[in-house]
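Notes to accompany the following structure.
Number of protein chains: 2
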Amino acid sequence: MAVTIKDVAREAQVHISTVSRALSMPHRVRPETRARILEAARRLGYQPSRVARALTTGRTYNIGLVVADIANPFFPPMIKAAEHTARARDYHLFVADASEDPAIEAELVDALAKQVDGVVLCAPRISNANIDRLAQNIPLALVNRKIDGIPSVTMDLAEGARLAVTHLLDLGHRRLAYVAGPRQSWTNTQIRRSAAGTVGDEAEIEVIGPNTPNEKAGTEVAKRIAESGVTAVLAYNDLLAIGLIQGLTDLGVDVPGDVSVIGIDDTVLARLAKPSLTTIIVPTADAGTAAIDLLLQYAGGDSDLGSRPAAHVSLPTKLAVRDSTAPPP
Amino acid sequence: MAVTIKDVAREAQVHISTVSRALSMPHRVRPETRARILEAARRLGYQPSRVARALTTGRTYNIGLVVADIANPFFPPMIKAAEHTARARDYHLFVADASEDPAIEAELVDALAKQVDGVVLCAPRISNANIDRLAQNIPLALVNRKIDGIPSVTMDLAEGARLAVTHLLDLGHRRLAYVAGPRQSWTNTQIRRSAAGTVGDEAEIEVIGPNTPNEKAGTEVAKRIAESGVTAVLAYNDLLAIGLIQGLTDLGVDVPGDVSVIGIDDTVLARLAKPSLTTIIVPTADAGTAAIDLLLQYAGGDSDLGSRPAAHVSLPTKLAVRDSTAPPP
DNA sequence: AACTTCGATGCAATCGATTGCTTTACTCGA
DNA sequence: TCGAGTAAAGCAATCGATTGCATCGAAGTT
Chain A
1 MAVTIKDVAR EAQVHISTVS RALSMPHRVR PETRARILEA ARRLGYQPSR
51 VARALTTGRT YNIGLVVADI ANPFFPPMIK AAEHTARARD YHLFVADASE
101 DPAIEAELVD ALAKQVDGVV LCAPRISNAN IDRLAQNIPL ALVNRKIDGI
151 PSVTMDLAEG ARLAVTHLLD LGHRRLAYVA GPRQSWTNTQ IRRSAAGTVG
201 DEAEIEVIGP NTPNEKAGTE VAKRIAESGV TAVLAYNDLL AIGLIQGLTD
251 LGVDVPGDVS VIGIDDTVLA RLAKPSLTTI IVPTADAGTA AIDLLLQYAG
301 GDSDLGSRPA AHVSLPTKLA VRDSTAPPP
Chain B
330 MAVTIKDVAR EAQVHISTVS RALSMPHRVR PETRARILEA ARRLGYQPSR
380 VARALTTGRT YNIGLVVADI ANPFFPPMIK AAEHTARARD YHLFVADASE
430 DPAIEAELVD ALAKQVDGVV LCAPRISNAN IDRLAQNIPL ALVNRKIDGI
480 PSVTMDLAEG ARLAVTHLLD LGHRRLAYVA GPRQSWTNTQ IRRSAAGTVG
530 DEAEIEVIGP NTPNEKAGTE VAKRIAESGV TAVLAYNDLL AIGLIQGLTD
580 LGVDVPGDVS VIGIDDTVLA RLAKPSLTTI IVPTADAGTA AIDLLLQYAG
630 GDSDLGSRPA AHVSLPTKLA VRDSTAPPP
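Chains as they are written, first to last, in our numbering: chain A, 1 to 329; chain B, 330 to 658.
Set out below in structure tokens:
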């Protein structure tokens, strides 16, 4: 069917091992022989079989990427960056969607493990213990989770939340709420702690949740927010924030007139929503790129991985002030 | 390293070929032997190597999915559905992003061809001739493109455009515009033709474009729309429509008061935008599922593929009337 | 009882590449 | 001139599974 190394060998009148070397260890064959082989390969349109190579070398040149939910607009830019980075390194990317389900997440990693050199777990919903267990079978890199011994890239949402809360305090708000995300989310904890810490004694902050991080959940908590008397809200992500704004608007509560709302992620939605959403900008694409590079660096090494300390990368965040925040009424 | 078929064979005291058969041709081994083998496999935690299997059988149980732009919110639901469908069939999905570039698209297909059983091309930007060429090397399935001999799933946007234009005509509009998408887009042509056909002699429709299908391009054509005197616009997709609305609003043109706007795709943005966007609902997820099934059916068959006529699936579309359309001023 | 038949299993080739080891042949030094 | 050293290329094992063929023994046929 396809052109194999044998065909090239026959065409160039050499043994297959010589063809293999001409391609991967150029200095080990005589220049003229190599030229003849390359020419034959070119003429025949030879492309080495990744599958066969994987069998002998144990390296597939494939990477797995597991995300909590592809449909969450937070992920696509990250997937895109990861895919491009991987391809630039001659790797291909399996993308798998865990549907926000920890069990599926673990299954996916195991299933992928058989045919990838490593897996990037994005915003994992499974426990640290389970991640540790999975990491025994296959090199992992984490996004938005930090575990000793496993390379990871996180967004500095502690800083982001501090900026957001400070912004609200500066505007004069004293009764705040944090609309939380999934309990298993590492960033959720970071945000909650940082927000509480920043508020200090100056004001008070109420935590509402945990919630599934989508618009529907946001709309559903609108009533509680409206009744609670808070004047400003920080939400776990843009989806919750936008859902909340819709819910509040439906209840006749004006944003930002009556209640200010801040989202997180700066997804496409933030700029397009009305009012446009004040939100924390997180470097999603950079995270995708960094995760791939960390994984390759860690997994590509000379096997004595355990010895090297795993790298942790923290990416900076910023606050984008738009139209959903204003002084309290 | 990992448990192989040999380990199982030793554990169960049989030859490896018997293990292989026990797993894939159960009726070919004595029940008691099979039980012993399965038990041994279970105890050792044996998982067959997909790579090794792929080498002998030629089937990788992997599928490639190439999309024009992951960051375009049209695609994620489709990717998600495709991934879930594939996984349910024990296939894994490579996702690749062509960045709206035809050359990259072709490269991706070729690169993936070596390690997948087939490729789904979503909203391809390359020419029919090139697709035909690619199809010679690897089974393809197309989404939003129809070519004889290649299985495809399309959205009935001719019908959708008809509904949209009829809606505008019913509201009383007589001067319409179609803000077109990429020239290479097959659906773009379908929409344009159907819209023109539906307008007939009753009214007139101007075509503006082609455009890159993103918000920025939408904003950029706002001026032309405002000056052209049209009272209603159909845009190639929601991104263009939303960008256009923003552009018009900035120019002081009210939507839908002065100009009505209809988008296509019903992405998350449509509901969340202000005003919420009247748009054509396309069954993105169904398309993803259908494409995978078509591909597997076509590629999984008994090799004499050319003989079977390729299936074409057309999915229905609907119009969702929201707040961006109203009678002309 | 001899002979066919067939089910169950083992044997060995194969897929396409990589790689340690061996062979070949040429160069160089004394 | 001869042996050592070395670069270049061939040989063959290997990765982990699949699969056509060979073998063997038990059951069925006459």
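Note that beta-carbon positions come from the ideal geometry of N, C-alpha and C, so glycine has one too.
Interface residue (Cβ-Cβ distance to chain B less than 9 angstroms): Thr-60 of chain A is classified as such. Interface residue (Cβ-Cβ distance to chain B less than 9 angstroms): Pro-77 of chain A is classified as such. Straight-line spacing of the CA atoms in Arg-371 of chain B and Ala-364 of chain B works out to 10 angstroms. Closer than 9 angstroms to the CB of Arg-42 of chain A there is not a single CB belonging to chain B. Here Ala-217 of chain A has Asn-211, Leu-240 and Gly-243 as same chain residues with Cβ atoms under 7 angstroms from its own Cβ, once five neighbours each way along the sequence are excluded. DSSP places Glu-535 of chain B within a strand segment (E or B) once states are collapsed to three. Rounded to whole angstroms, Asp-426 of chain B and Ala-458 of chain B show a C-alpha spacing of 21 angstroms.
For Met-155 of chain A, the enclosing beta strand (DSSP E) covers residues 152 to 155. Among the bridge pairs identified by DSSP, Gly-393 of chain B is matched with B:Phe-423 and B:Val-448. Each of A:Gly-252, A:Gly-160, A:Val-109 and A:Ile-126 was checked against the Cα of Lys-146 of chain A, and the nearest Cα belongs to A:Ile-126.
Apart from the 5 residues on each side of it in sequence, Arg-382 of chain B has no Cβ closer than 7 angstroms to any other Cβ in its chain.
From the listed residues A:Val-143, A:Gly-229, A:Ala-164 and A:Asp-238, the smallest Cα separation to Ala-311 of chain A is found for A:Val-143. Counting only runs of 3+ residues, the beta strand (DSSP E) found wholly inside the region 449 to 519 of chain B occupies 469 to 472, 481 to 484 and 504 to 508, in chain order. Taking every protein chain shown into account, the CB of Glu-368 of chain B has fewer than 16 other CB atoms within 10 angstroms, so this residue is exposed. Excluding its 5 nearest sequence neighbours in each direction, Arg-512 of chain B has C-beta neighbours in its own chain below 7 angstroms: Pro-539, listed in chain order.
Taking one beta carbon from each stretch, the region 251 to 264 of chain A and the region 106 to 118 of chain A have fewer than 3 pairs nearer than 8 angstroms; the two do not touch. At a cut-off of 9 angstroms between C-beta atoms, Val-597 of chain B counts as an interface residue with respect to chain A. Shown here, Ser-228 of chain A sits in a helix according to DSSP, grouped into three states. Residues of the same chain with a CB within less than 8 angstroms of the CB of Gln-575 of chain B, apart from the 5 flanking positions on each side, are Glu-544, Gly-547, Thr-548 and Ala-551 in chain order. Ranked by Cα distance from Pro-329 of chain A, the first of A:Arg-175, A:Lys-318 and A:Ile-191 is A:Arg-175. Residue range 260 to 265 is occupied by the beta strand (DSSP E) that includes Ser-260 of chain A. About 15 angstroms separates the beta carbon of Ile-537 of chain B from that of Ala-490 of chain B, a gap too long to meet the 8 angstroms contact definition.
For Lys-80 of chain A, at least one C-beta of chain B is nearer than 9 angstroms to its own C-beta. Nearest neighbour of Asn-391 of chain B by Cα position, chosen from B:Gly-374, B:Ala-411, B:Pro-405 and B:Tyr-565, turns out to be B:Ala-411. Between Gly-263 of chain A and Pro-77 of chain A, the CB-CB gap reaches or exceeds 9 angstroms. Residue-level contact by beta carbon holds for Ser-49 of chain A and chain B, with a gap shorter than 9 angstroms. Between Phe-74 of chain A and Asp-238 of chain A, the gap from beta carbon to beta carbon is short of 9 angstroms. Residue pairing by DSSP puts Ala-649 of chain B in a beta bridge opposite B:Thr-608. Spatial neighbours of Gln-444 of chain B in its own chain (CB-CB distance under 7 angstroms, excluding positions within 5 residues in sequence) are listed in chain order as Thr-389 and Asn-391.
Secondary structure note for Leu-644 of chain B: its beta strand (DSSP E) is the uninterrupted segment 641 to 644.
According to the DSSP assignment, Glu-32 of chain A belongs to the alpha helix (DSSP H) that extends over 31 to 44.
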